[in-house]
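Engineer:
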Amino acid sequence: MELGALYQEVILEHNRSPRNMRELADASGCAHGKNPLCGDEVTIWLQVEGDTVSDVTFMGNGCAISKASASMMTQAIKGKSRAEAEELFARFHALVTGTGSATDQELGKLRVFSGVAKFPTRVKCASLAWHAMKDALSQASHSKTDTRDATP
Amino acid sequence: MTTPTLAPPQTPLDVERVRADFPILGISARGKPLVYLDNAATSQKPRSVIEATSTYYEAQNGNIHRGVHYLSELATILYDETRATAQRFFNARHAHEIIFTRGTTEGINLVASGFAQSVLKPGDEIVLSTLEHHSNIVPWQLACERSGAQLRVVPVTESGELDIEAYHQLLNDRTRLVAITWVSNALGTINPVRDLVNAAHTRGIPVLLDGAQAAPHITVDVQEVGCDFFVCSSHKMLGPTGVGILYGTEAWLDRLPPYQGGGDMIDTVTFEKTTWARLPSKFEAGTPDIAGVVAFKHAMDYLDRVGLERIAAHEHEVVEYATRQVQEIPGLRVIGTAAQKAGVLSFVMDCAHPHDIGTILDSEGIAIRAGHHCAQPLMRRFGVPSTARASFYLYNTRDEVDVLVSALHKVRSLFA
Numbered sequence: 001m002e003l004g005a006l007y008q009e010v011i012l013e014h015n016r017s018p019r020n021m022r023e024l025a026d027a028s029g030c031a032h033g034k035n036p037l038c039g040d041e042v043t044i045w046l047q048v049e050g051d052t053v054s055d056v057t058f059m060g061n062g063c064a065i066s067k068a069s070a071s072m073m074t075q076a077i078k079g080k081s082r083a084e085a086e087e088l089f090a091r092f093h094a095l096v097t098g099t100g101s102a103t104d105q106e107l108g109k110l111r112v113f114s115g116v117a118k119f120p121t122r123v124k125c126a127s128l129a130w131h132a133m134k135d136a137l138s139q140a141s142h143s144k145t146d147t148r149d150a151t152p
Numbered sequence: 153m154t155t156p157t158l159a160p161p162q163t164p165l166d167v168e169r170v171r172a173d174f175p176i177l178g179i180s181a182r183g184k185p186l187v188y189l190d191n192a193a194t195s196q197k198p199r200s201v202i203e204a205t206s207t208y209y210e211a212q213n214g215n216i217h218r219g220v221h222y223l224s225e226l227a228t229i230l231y232d233e234t235r236a237t238a239q240r241f242f243n244a245r246h247a248h249e250i251i252f253t254r255g256t257t258e259g260i261n262l263v264a265s266g267f268a269q270s271v272l273k274p275g276d277e278i279v280l281s282t283l284e285h286h287s288n289i290v291p292w293q294l295a296c297e298r299s300g301a302q303l304r305v306v307p308v309t310e311s312g313e314l315d316i317e318a319y320h321q322l323l324n325d326r327t328r329l330v331a332i333t334w335v336s337n338a339l340g341t342i343n344p345v346r347d348l349v350n351a352a353h354t355r356g357i358p359v360l361l362d363g364a365q366a367a368p369h370i371t372v373d374v375q376e377v378g379c380d381f382f383v384c385s386s387h388k389m390l391g392p393t394g395v396g397i398l399y400g401t402e403a404w405l406d407r408l409p410p411y412q413g414g415g416d417m418i419d420t421v422t423f424e425k426t427t428w429a430r431l432p433s434k435f436e437a438g439t440p441d442i443a444g445v446v447a448f449k450h451a452m453d454y455l456d457r458v459g460l461e462r463i464a465a466h467e468h469e470v471v472e473y474a475t476r477q478v479q480e481i482p483g484l485r486v487i488g489t490a491a492q493k494a495g496v497l498s499f500v501m502d503c504a505h506p507h508d509i510g511t512i513l514d515s516e517g518i519a520i521r522a523g524h525h526c527a528q529p530l531m532r533r534f535g536v537p538s539t540a541r542a543s544f545y546l547y548n549t550r551d552e553v554d555v556l557v558s559a560l561h562k563v564r565s566l567f568a
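The structure is reproduced here in structure tokens:
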């Protein structure tokens with residue numbers, strides 16, 4: 001079993017020092033993700049200005065894979081358009097489920113998650129924050145004025 | 153048919169001879185010798201149980217309580233032999249107080265559904281504890297929704313023991329049932345069930361004991377402990393999956409309505425009125441897992457031959473050794489430190505999430521459980537979303553504990 005393929009140094013580093021791990025006041029979208037299998041939870045906040053995700057943050061409790069994935073997702077999504085963010089999620093999902101290409105250049109640093117595909121029980125860990133990001137994004141498009149109700 | 157060590161109870165368990173009876177313990181997992189430490193989830197099966205299953209299908213298969221032909225008669229005899237074995241194993245007064253179910257979950261649902269229909273009224277109370285598995289919480293929530301009754305929950309202390317004083321205070325004139333676990337699946341705490349039953353009975357309150365984690369490890373005498381209901385699963389006690397036992401006193405089983413309607417559970421059926429069969433058939437509608445029930449007898453026979461006291465002593469030694477060893481690992485915290493504990497070691501590490509621990513251990517061929525153990529209220533009590541849990545049984549060794557400990561050091565070197 002290729003443990004090294006799963007726990008790459010970049011992943012371990014993001015697990016130790018996650019980026020953008022904070023609440024975001026007055027976010028335009030906020031969504032909660034949960035893995036009922038293990039009880040892990042993540043909350044994603046994002047700020048959308050015009051068509052651009054200007055800021056995205058997360059809080060949560062999870063394994064190294066889910067925490068690093070959330071951390072690296074926030075870095076990857078920031079500055080992207082809605083369509084680009086959703087496109088990136090589709091590519092990332094294909095990568096971790098083994099239906100995409102491990103050399104997909106569009107994914108950049110996110111390619112370190114290619115090892116997840118060999119660990120079917122961990123796919124949910126890697127995609128949890130992304131699913132929540134997508135929910136937060138669709139919420140941001142529906143309620144641009146008042147988002148306080150959306151806080152879980 | 154394999155026979156484990158026959159020896160007087162004072163001699164320790166011969167673990168190598170026991171291991172030889174379990175074919176799966178010889179396999180490799182992820183290229184490493186299997187170290188199976190997930191026994192609280194399900195136990196492995198001795199050859200005698202596996203062979204009983206295939207013998208049943210090769211030479212004994214017929215439907216029970218139906219035909220007059222050879223195979224139907226044979227299958228019926230074998231099926232009822234398991235009932236007689238279970239009666240002895242759990243010391244029930246009558247064989248018809250043993251009801252075959254699909255498992256502990258179905259047993260609890262059967263009682264909860266019967267209580268909702270025939271016993272519970274709005275304002276009534278059911279007492280549970282924070283230690284419960286979801287299967288001893290959710291059926292009662294459903295029963296409360298149907299009847300208007302309410303749940304009252306006994307808290308647990310920092311060591312993972314029941315708060316006995318709080319238990320006594322929760323019992324009152326509105327309490328209709330106490331439904332409580334004998335052994336905690338997540339922490340291993342062994343509850344003082346006899347005292348719990350006595351306190352409830354003083355007030356005329358019946359008690360259901362969830363014995364899923366007790367039956368594999370503790371000599372269960374339902375008359376001695378005095379419970380009104382006892383439920384357990386075959387698959388955690390060396391038997392097949394899909395089979396469980398509900399013990400209920402004759403008086404209670406007579407009082408509760410049938411759980412499911414169908415074949416085998418009727419006396420006479422007309423479109424105007426159907427009358428129920430006597431116990432145990434009243435609660436055994438439809439064709440059950442006959443092969444599973446037949447093989448379950450061989451699991452109880454195996455436990456009897458090795459001896460539950462000897463098994464408990466062996467597990468105690470292994471879990472004590474494991475607890476001492478893991479506490480040497482910096483940043484590791486054991487959750488559940490009750491004075492009376494079964495072979496369960498639940499822990500968290502400050503450097504790694506239980507899921508990551510589980511994956512690293514798996515790559516070393518070690519099977520543990522990482523998660524909330526279907527006990528989310530208990531996890532919340534200890535402020536953790538999940539734990540890593542190693543659970544031991546009669547075939548586990550100190551050497552396996554050493555493999556576990558060295559893998560946990562590997563976890564630390566990777567994440568710390």
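Chains as they are written, first to last, in this note's numbering: chain F, 1 to 152; chain A, 153 to 568. Virtual Cβ for every residue (Gly too), placed ideally from N, Cα, C.
Does the stretch 251-259 of chain A come close enough to the stretch 391-408 of chain A to have 3 or more Cβ pairs within less than 8 Å?
Structural biologist: Touching, yes, given that three or more Cβ pairs across the two stretches are closer than 8 Å.
Engineer: Using the three-state DSSP reduction, which class does F/E13 fall into: helix, strand or coil?
Structural biologist: Residue mapping note: residue 13 of chain F aligns to position 13 of the first sequence, counting from 1. F/E13 falls in the helix class under three-state DSSP.
Engineer: Counting only C-beta atoms, is F/L128 closer than 7 Å to chain A at any point?
Structural biologist: On the first sequence, residue 128 of chain F is found 128 positions in, with the first residue counted as 1. Not an interface residue.
Engineer: Do A/W292 and A/A264 have their CB atoms nearer than 7 Å?
Structural biologist: Taking the first residue of the second sequence as 1, we reach residue 292 of chain A at position 140. Taking the first residue of the second sequence as 1, we reach residue 264 of chain A at position 112. The answer is yes: Cβ separation under 7 Å.
Engineer: Counting only beta-carbon atoms, is F/G79 nearer than 7 Å to chain A?
Structural biologist: What you label residue 79 of chain F is simply residue 79 of the first sequence in a count that begins at 1. Chain A, which has no Cβ nearer than 7 Å to the Cβ of F/G79, makes this no.
Engineer: Is there at least one Cβ from chain A nearer than 7 Å to F/N61's Cβ?
Structural biologist: For the purposes of this step, residue 61 of chain F is taken as the residue at position 61 of the first sequence. Closer than 7 Å: yes.
Engineer: Going by Cα to Cα distance, which pick from A/N548, A/D554, A/F567 and A/H561 is closest to A/D173?
Structural biologist: Numbered from its first residue, the second sequence carries residue 173 of chain A at position 21. Nearest C-alpha to A/D173: A/N548.
Engineer: Which one or two residues does DSSP pair with A/R541 in a beta bridge?
Structural biologist: Residue 541 of chain A sits at position 389 when you count from the first residue of the second sequence. In DSSP, A/R541 forms a bridge with A/S498 and A/R521.
Engineer: Can you name the start and end residues of the beta strand (DSSP E) that A/N191 belongs to?
Structural biologist: Here residue 191 of chain A refers to the residue found at position 39 when the second sequence is read from its first residue. From DSSP, A/N191 is part of no beta strand (DSSP E); its letter is neither H nor E.
Engineer: Looking at A/V349 and the ligand GDP, is the gap between the Cβ and the nearest heavy atom below 6 Å?
Structural biologist: The ligand GDP is absent from the structure shown, which contains no ligand whatsoever.
Engineer: Hey, how far is the Cα of A/S490 from the Cα of A/I260?
Structural biologist: Within the second sequence, residue 490 of chain A is the residue found at index 338, counting from 1. Within the second sequence, residue 260 of chain A is the residue found at index 108, counting from 1. Looking at the sequence itself, residue 490 of chain A is Ala, so the reference to Ser does not match. Those two C-alpha atoms are separated by around 26 Å.
Engineer: Let me see if you follow: with CB-CB separation under 7 Å, is F/L3 close to chain A or not?
Structural biologist: As a first step, residue 3 of chain F must be located in the first sequence, where it is residue number 3. Interface residue, yes.
Engineer: Measuring alpha carbon to alpha carbon, tell me which of A/V349, A/L230 and A/K184 ends up nearest A/A204.
Structural biologist: Your numbering for residue 204 of chain A matches position 52 in the second sequence. Checked all of A/V349, A/L230 and A/K184; the closest Cα to A/A204 is A/L230.
Engineer: List the residues of chain F whose Cβ lies closer than 9 Å to the Cβ of A/I512, in chain order.
Structural biologist: As a working mapping, residue 512 of chain A is identified with position 360 in the second sequence. Ordered by position in chain F, the residues that pass the 9 Å Cβ test against A/I512 are L3 and Y7.
Engineer: Measuring CA to CA, which of A/R169, A/L165 and A/A192 is closest to A/C526?
Structural biologist: Position 374 of the second sequence, counted from the first residue, corresponds to residue 526 of chain A. Ranking the options by Cα distance to A/C526, first place goes to A/A192.
Engineer: Going by DSSP, what residue range makes up the alpha helix (DSSP H) through A/V271?
Structural biologist: As a working note, residue 271 of chain A is residue 119 in the second sequence. From DSSP, A/V271 is part of no alpha helix (DSSP H); its letter is neither H nor E.
Engineer: Please look up how many angstroms separate the CB atoms of A/E277 and A/R328, rounded, as I've assumed it's under 8 Å.
Structural biologist: Position 125 of the second sequence, counting from 1, holds the residue named residue 277 of chain A. Position 176 of the second sequence, counting from 1, holds the residue named residue 328 of chain A. Confirmed, Cβ separation roughly 7 Å.
Engineer: Examine chain A for any beta-carbon lying closer than 7 Å to the beta-carbon of F/A64, and answer yes or no.
Structural biologist: Counting from 1 along the first sequence, the entry for residue 64 of chain F is found at position 64. So, interface residue.
Engineer: Using the beta-carbon of each residue, which ones in chain F are nearer than 9 Å to A/Q528?
Structural biologist: Taking the first residue of the second sequence as position 1, residue 528 of chain A is located at position 376. Under the 9 Å cutoff, chain F gives G39.
Engineer: Using CA atoms only, rank isn't needed, just tell me which of A/N288, A/S287, A/A295 and A/R346 is closest to A/K273.
Structural biologist: As a position in the second sequence, residue 273 of chain A is number 121, starting the count at 1. Cα-wise, what sits closest to A/K273 is A/A295.
Engineer: Considering only residues of the same chain and omitting the five flanking positions on each side of A/A236, which have a CB-CB separation below 8 Å?
Structural biologist: Against the second sequence, residue 236 of chain A aligns to sequence position 84. Excluding residues within five positions, the ones whose Cβ falls inside 8 Å are A247.
Engineer: Please confirm if A/G517 has its CB atom under 7 Å from at least one CB of chain F.
Structural biologist: Translated into positions along the second sequence, residue 517 of chain A becomes position 365. So, not an interface residue.
Engineer: Entirely within the stretch 48-106 of chain F and at least 4 residues each: give me those alpha helix (DSSP H) ranges in chain order.
Structural biologist: Those alpha helix (DSSP H) runs which fall completely within the stretch 48-106 of chain F and span 4+ residues are 64-77 and 82-97.
Engineer: Chain F partners of A/S538, CB-CB under 7 Å?
Structural biologist: Mapped onto the second sequence, residue 538 of chain A falls at position 386. Chain F residues near A/S538: C38 and G39.
Engineer: Would A/D508 pass as an interface residue toward chain F - the criterion being a Cβ-Cβ separation below 7 Å?
Structural biologist: As a working mapping, residue 508 of chain A is identified with position 356 in the second sequence. A/D508 counts as touching chain F.
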